[in-house]
Every structure is written in structure tokens, then in C-alpha cells.
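For reference, the structure discussed in these notes is given below.
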């Protein structure tokens, strides 16, 4: 089993605005780090090489990030032990804070590429039921075995 993750965010301005310039300028470097990371499997991307043009919502300022990793440890390493953490620390500059869960983790069969619709269903499940083996957060993680058992 592999770990899928979705996170969504609503930008405070259009992506081509001066406010979002540092964020946009870091997309390619951060994606390159992800692509080269141990345990990285796949990420959603459009013709630009990132996913900012993927419209999963009516609001064009809402962006999605969807990826698959070999393990929770590999995702955590990328998120918290690479330059990605520097960008995460600045997210309040660029994105509105959501009162609802804005990311979700879940286990998928090896080789499965989750769709945005599937990912949004998992996020809705997390928002409705809290952390379960089928949709969880870093606050309470579940193993692949627990997902298979549930």
C-alpha cells in the first residue's frame, strides 16, 4: 500500500499577483525536491508542471495538491525536513486559514493514481467523521494494515 495525500488552499489573491509571487516562484523548486525525494511516487500536475491550473472548485483561487508516497515517513521527511517547511511556515501570507480540515491522508493500492474527485471524497469523510483508517490527518495516523481491516 502507498500513502495518498491531498491538501487544498484558497489563495488571498490571484496567483499572478505580487502577493503570491514568492509562493509561485517556489513551486518548481519545491516540486523538484518532491520528485527527487526518496519514497515519492506520483503527483498531480498540469501542463505547467504543477497543479495550479487544475480547477477542482468553482473558486479559481482554490488550489489542490495531490500526491502519492511510499510511506508516511517519506511524506513527513519531504514536508518537514526539506525546503518545503520554509514555504509551509509562510502559508498564512498567501492563503486564507480554513476553519475546516484542509488536508487528508489515506492508503491506496500500489500503483493506484487517485483522482481529485476521490481525494475530495476522502477530505469530506475526514471533515464528517474525524480521523479514521479511511481518511486521517497527521494528528492521528493509521497504518495500511488498519485501513485494510476497516
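Residue numbers (the UniProt record's numbering): 1 to 150.
No residue lacks a Cβ here, since even glycine has one placed at the ideal position from N, Cα and C.
Bear in mind that the values here come from a model prediction, so they are computed numbers and not experimental data.
- Residue 142 and residue 107 have their C-alpha atoms spaced approximately 9 Å apart.
- In the DSSP assignment, the residues bridged to residue 65 are 7.
- The Cβ-Cβ distance between residue 3 and residue 69 falls below 8 Å.
- Remark: C-beta atoms of residue 83 and residue 30 approach each other more closely than 8 Å.
- In chain order, 107, 108, 109, 110, 144, 147, 148 place their CB closer than 8 Å to the CB of residue 1, counting only its own chain and leaving out the 5 sequence neighbours on each side.
- Note that the C-beta distance between residue 128 and residue 75 is not below 8 Å.
- Taking 8 Å as the cut-off, the beta carbon of residue 117 is found no closer than this to the beta carbon of residue 126.
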